[in-house]
Amino acid sequence: MIEQGVVESAGQCLIKGSKEEAVSLARQVIDGGADPVELMNLAFIPAINEVGDRFGRGQLFLPELITAADAMKAVTDVVNEVLSATTTVRSNKGTILIATVKGDVHDIGKCIVTSLLQANGFRVHDIGRDIDTEKIVEQAVQHDVDIIGTSALLTTTMPRQKELEELLKAKGLREKFKTMVGGAPVTPRWAQRIGADAYAEDAQDGVRKAEQLLAIAVS
Amino acid sequence: MSKILTRFGDGYKVELTEDEVKADIEEGCNDAASRAGIEPLARDEQEHIFEMFKNQDTLVGIERGREVVMTYDGMSSKIRRAHIVIDRVQSLQVFERALGADTLELSHIDYSFKPCKPINGFELPDLDLLLNSTVAPVYYGAMPNLGLYSQPDGPCPNPADLLPLGKIDEARQAYEEAIEHAVSDIVFVASAMYEAGVDGINIDTVGAAGDADFLTALKATEILKEKYPAMGIEMGMAGEFVLGMHGNLSWRGVKLAGLYPQDQVRLAQQAGATIFGPAINIVTSGTLPWNVARSVTFCKACSEVSEIPVHANLGMGVCGIPLTLTVPVDALSRATKAHVEICRLDGL
Numbered sequence: 000m001i002e003q004g005v006v007e008s009a010g011q012c013l014i015k016g017s018k019e020e021a022v023s024l025a026r027q028v029i030d031g032g033a034d035p036v037e038l039m040n041l042a043f044i045p046a047i048n049e050v051g052d053r054f055g056r057g058q059l060f061l062p063e064l065i066t067a068a069d070a071m072k073a074v075t076d077v078v079n080e081v082l083s084a085t086t087t088v089r090s091n092k093g094t095i096l097i098a099t100v101k102g103d104v105h106d107i108g109k110c111i112v113t114s115l116l117q118a119n120g121f122r123v124h125d126i127g128r129d130i131d132t133e134k135i136v137e138q139a140v141q142h143d144v145d146i147i148g149t150s151a152l153l154t155t156t157m158p159r160q161k162e163l164e165e166l167l168k169a170k171g172l173r174e175k176f177k178t179m180v181g182g183a184p185v186t187p188r189w190a191q192r193i194g195a196d197a198y199a200e201d202a203q204d205g206v207r208k209a210e211q212l213l214a215i216a217v218s
Numbered sequence: 000m001s002k003i004l005t006r007f008g009d010g011y012k013v014e015l016t017e018d019e020v021k022a023d024i025e026e027g028c029n030d031a032a033s034r035a036g037i038e039p040l041a042r043d044e045q046e047h048i049f050e051m052f053k054n055q056d057t058l059v060g061i062e063r064g065r066e067v068v069m070t071y072d073g074m075s076s077k078i079r080r081a082h083i084v085i086d087r088v089q090s091l092q093v094f095e096r097a098l099g100a101d102t103l104e105l106s107h108i109d110y111s112f113k114p115c116k117p118i119n120g121f122e123l124p125d126l127d128l129l130l131n132s133t134v135a136p137v138y139y140g141a142m143p144n145l146g147l148y149s150q151p152d153g154p155c156p157n158p159a160d161l162l163p164l165g166k167i168d169e170a171r172q173a174y175e176e177a178i179e180h181a182v183s184d185i186v187f188v189a190s191a192m193y194e195a196g197v198d199g200i201n202i203d204t205v206g207a208a209g210d211a212d213f214l215t216a217l218k219a220t221e222i223l224k225e226k227y228p229a230m231g232i233e234m235g236m237a238g239e240f241v242l243g244m245h246g247n248l249s250w251r252g253v254k255l256a257g258l259y260p261q262d263q264v265r266l267a268q269q270a271g272a273t274i275f276g277p278a279i280n281i282v283t284s285g286t287l288p289w290n291v292a293r294s295v296t297f298c299k300a301c302s303e304v305s306e307i308p309v310h311a312n313l314g315m316g317v318c319g320i321p322l323t324l325t326v327p328v329d330a331l332s333r334a335t336k337a338h339v340e341i342c343r344l345d346g347l
């Protein structure tokens with residue numbers, strides 16, 4: 000169980016934007032035997048959400064947000080590193096390709112989703128951010144994935160998720176993959192409107208929806 | 000119990016019970032109040048909004064005698080967006096004589112002061128035609144659009160490149176450098192148009208590039224007001240609070256980042272603005288009762304402290320209007336009625 004002191008320290012590290020302190024705290028807690036997923040779920044994810052909420056309310060500003068995001072990315076890398084070292088002993092529930100769509104450089108949320116999917120036994124191909132729709136399809140075919148997950152954090156980049164649906168149909172690949180969409184401006188209604196198979200509210204919901212999609216796929 | 004047909008902020012239709020609509024209105028008020036540190040709407044005001052949504056007529060209208068001034072931004076291009084072949088002057092004549100506009104805004108399609116500067120000489124003949132063929136006051140409008148001053152579009156280093164590299168001081172310096180260029184362009188264009196006969200300047204979408212963008216508008220307004228005391232200056236905002244893209248900028252001792260409409264308007268009027276336009280963001284996942292109640296709460300607090308006329312921005316994606324290319328009239332009329340009747344606005 001993650002102690003309350005760790006939760007508070009994680010929050011302080013991110014709000015201060017101290018990458019070194021955040022990484023050091025993460026390594027210390029994981030080395031002490033704590034579950035890295037629990038560390039993310041209970042400490043760092045609520046902390047980055049708090050940072051995002053303060054930014055959204057005009058109480059914290061872009062320079063602070065960027066340094067916090069940088070610290071969060073570093074912590075996510077530490078957790079992913081630990082998780083990937085242990086995935087060989089986990090069962091593979093399915094293979095997922097994940098990307099942030101073209102024109103969108105936001106990837107903190109996507110990295111958190113990657114972490115939780117890996118932690119829950121999925122094999123994940125995270126192909127990065129600002130990824131062209133054609134490339135997403137090519138990589139999905141190459142890795143023979145079950146699900147394509149895309150993230151869009153801007154209303155201006157959301158149409159790329161629709162473009163993916165259309166490209167899959169045009170290439171005759173729509174039935175081969177399940178699709179899942181997420182990102183701050185994305186809604187269940189948007190997912191339904193463009194024909195995506197699932198909408199994920201957050202990382203935990205992404206895991207839940209991935210499990211549901213694959214249960215549907217194999218039934 | 001019968002259901003009330005309304006929409007989400009993205010225009011998608013939804014049916015809600017009366018209790019759900021009431022709860023959304025209350026939550027919308029409380030959200031605005033907690034963010035801006037203001038009072039939520041009174042119970043009777045919330046009830047007034049509820050009655051508007053309960054009324055299932057397609058259109059609702061304001062009470063007789065509560066009519067307000069109608070101004071528009073970007074009106075030179077709006078009819079052409081409907082693929083109607085019409086020039087700018089004719090377009091503004093249509094707004095004045097067919098659509099009931101009380102002021103007219105001449106603007107260039109680029110709608111930013113920077114590109115309007117080198118073509119100023121080409122704008123003057125249209126202004127001349129307009130002034131000689133219309134009666135309503137004429138504004139010339141554009142945005143500060145600070146983004147155009149960063150590389151590769153402008154001379155200043157690009158904060159969007161510098162910030163991810165951790166070069167925060169350099170990014171802040173780049174913003175400060177951009178402010179000086181933008182103020183100079185606004186003053187140049189506004190002066191030229193005013194001396195050619197325009198009645199006022201509309202500095203629109205202020206704060207789109209954050210606190211530096213707001214500071215640009217304040218500084219330009221201050222200079223213009225000193226230069227031309229009778230000039231009308233409308234300042235329309237880009238969002239409900241000033242984004243802290245720089246984070247440390249102040250004007251007359253007030254930190255700009257994080258200011259909400261009731262504080263924005265105080266600075267605008269101190270600088271010399273004669274009309275202020277708050278803009279409240281739509282939340283696409285929230286219902287219209289929630290969004291309208293929230294927007295009215297922000298705008299009412301702004302209107303209460305303002306000593307200059309307040310013309311709220313009611314358009315696509317702001318002040319309770321859904322984010323759709325064509326605004327649904329049921330949504331537009333309800334948002335308009337709520338803002339006019341509760342916020343005691345001077346115009347829209």
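Residue numbers (numbering that gives the first Met the number 0), protein chains in the order written: chain X, 0 to 218; chain P, 0 to 347. Even for Gly, the Cβ is constructed at its ideal location relative to N, Cα and C.
Alpha-carbon to alpha-carbon, residue j and residue i
i        : j        : result
P/Pro327 : P/Pro321 : 8 Å
P/Val349 : X/Ile146 : Nothing can be reported for residue 349 of chain P, as the shown portion of chain P is limited to 0 through 347.
X/Thr246 : X/Ala202 : The first residue shown for chain X is 0 and the last is 218, placing residue 246 of chain X beyond what the model contains.
P/Glu306 : P/Asp262 : 12 Å
X/His105 : X/Ile14  : 19 Å
X/Glu20  : P/Val68  : 56 Å
P/Leu344 : X/Val112 : 45 Å
P/Ile185 : P/Ser75  : 19 Å
X/Ser218 : P/Ile83  : With a pLDDT of only 40 at X/Ser218, under the threshold of 50, the placement of this residue in the model should not be trusted; the figure read from the coordinates follows. Those two C-alpha atoms are separated by around 54 Å.
P/Ser149 : X/Arg173 : 41 Å
X/Asn48  : P/Pro260 : 25 Å
X/Tyr198 : P/Gly73  : 36 Å
P/Asp152 : P/Gly146 : 8 Å
P/Thr16  : X/Ile65  : 42 Å
P/Phe187 : P/Leu313 : 29 Å
X/Leu38  : X/Ser83  : 16 Å
P/Val295 : X/Glu80  : 49 Å
X/Asp125 : X/Val36  : 18 Å
P/Ala115 : P/Thr204 : Note on residue identity: the sequence assigns Cys, not Ala, to residue 115 of chain P. Approximately 16 Å, taken between the alpha carbons.
P/Leu4   : P/Thr283 : 17 Å
Residue from the options whose Cα sits closest to the Cα of residue i
i        : options                                   : result
X/Ala183 : X/Leu115, X/Phe176 and X/Lys109           : X/Lys109
X/Met179 : X/Leu153, X/Pro158, X/Lys168 and X/Thr149 : X/Thr149
P/Ala267 : P/Glu221, P/Val84 and P/Gly140            : P/Glu221
X/Ala139 : X/Thr94, X/Leu153 and X/Ile14             : X/Thr94
X/Ala169 : X/Thr132, X/Ile1 and X/Asp143             : X/Thr132
X/Asp52  : P/Asp30, P/Tyr139 and P/Asp152            : P/Asp30
P/Gly196 : P/Asn247, P/Gly316, P/Leu40 and P/Leu105  : P/Leu105
P/Leu98  : P/Met142, P/His82 and P/Lys77             : P/Lys77
P/Leu214 : P/Gly238, P/Val186, P/Glu225 and P/Leu248 : P/Leu248
P/Gln269 : P/Ala256, P/Leu223 and P/Val291           : P/Leu223
X/Lys101 : X/Gln27, X/Gly127, X/Val50 and X/Trp189   : X/Gly127
X/Ser23  : X/Lys134, X/Ala9 and X/Leu82              : X/Ala9
P/Arg34  : P/Glu169, P/Phe297, P/Leu162 and P/Pro124 : P/Phe297
Rounded Cβ spacing between residue i and residue j (contact assumed at less than 8 Å)
i        : j        : result
P/Asn144 : P/Ser111 : 4 Å
P/Asp210 : P/Met236 : The pair is not a contact, with the Cβ atoms about 12 Å apart (cut-off 8 Å).
P/Cys155 : P/Ala189 : Their Cβ separation, rounded to whole angstroms, is 22 Å, which puts P/Cys155 and P/Ala189 out of contact at 8 Å.
P/Glu233 : P/Gly276 : 7 Å
P/Tyr138 : P/Ile200 : 6 Å
P/Glu309 : P/Ile281 : The question names Glu, yet the displayed sequence has Val at residue 309 of chain P. Rounded, the Cβ-Cβ distance is 19 Å, inconsistent with contact.
P/Asp329 : P/Leu58  : 7 Å
P/Cys28  : P/Arg265 : With a Cβ gap of about 22 Å, P/Cys28 and P/Arg265 do not count as contacting.
Burial state of residue i (16 or more Cβ within 10 Å)
i        : result
X/Asn91  : exposed
X/Asp196 : buried
P/Met192 : buried
P/Ala229 : exposed
X/Leu59  : buried
P/Leu324 : exposed
P/Glu50  : exposed
X/Ser114 : buried
P/Asp18  : exposed
TODO: Could you name the residues of the stretch 320 to 345 of chain P whose beta carbon sits closer than 8 Å to any beta carbon of chain X, in the order they occur along the chain?
DONE: Answer in chain order: Leu322.
Task: Chain-ordered residues of the stretch 35 to 61 of chain X with a beta carbon less than 7 Å from chain P - done: Of all residues in the stretch 35 to 61 of chain X, only Arg56, Gly57, Gln58, Phe60 and Leu61 come within less than 7 Å of chain P when Cβ atoms are compared, listed by chain position.
Task: Interface residues of the stretch 184 to 204 of chain X facing chain P [CB-CB below 7 Å] - done: For the stretch 184 to 204 of chain X, the beta-carbon criterion of a distance under 7 Å to any beta-carbon of chain P is satisfied by Pro184, Thr186 and Arg188.
- [ ] Give, in chain order, every residue of the stretch 61 to 73 of chain X whose Cβ lies closer than 8 Å to some Cβ of chain P.
- [x] Residues Leu61, Pro62, Glu63, Ile65, Thr66 and Asp69.
Task: Interface positions of the stretch 242 to 259 of chain P facing chain X (Cβ-Cβ less than 9 Å), listed along the chain - done: Listed in chain order, the positions of the stretch 242 to 259 of chain P with a beta carbon within less than 9 Å of a beta carbon of chain X are Leu242, Gly243, Met244, His245, Gly246, Asn247, Ala256, Gly257, Leu258 and Tyr259.
Open item on the list: Residues of the stretch 144 to 177 of chain P in Cβ contact with chain X at a cutoff of 8 Å, in chain order, please.
Closed with: Going along the stretch 144 to 177 of chain P in chain order, one finds Leu162, Pro163, Gly165, Ile167, Ala170 and Arg171 with a Cβ nearer than 8 Å to chain X.
- [ ] Can you give me, in chain order, the residues of the stretch 84 to 97 of chain P that have a beta carbon less than 8 Å from any beta carbon in chain X?
- [x] Cβ contacts with chain X: none found.
- [ ] Output, in sequence order along the chain, the residues in the stretch 4 to 23 of chain P whose CB is closer than 8 Å to any CB in chain X.
- [x] Those would be Phe7, Asp9 and Tyr11, in chain order.
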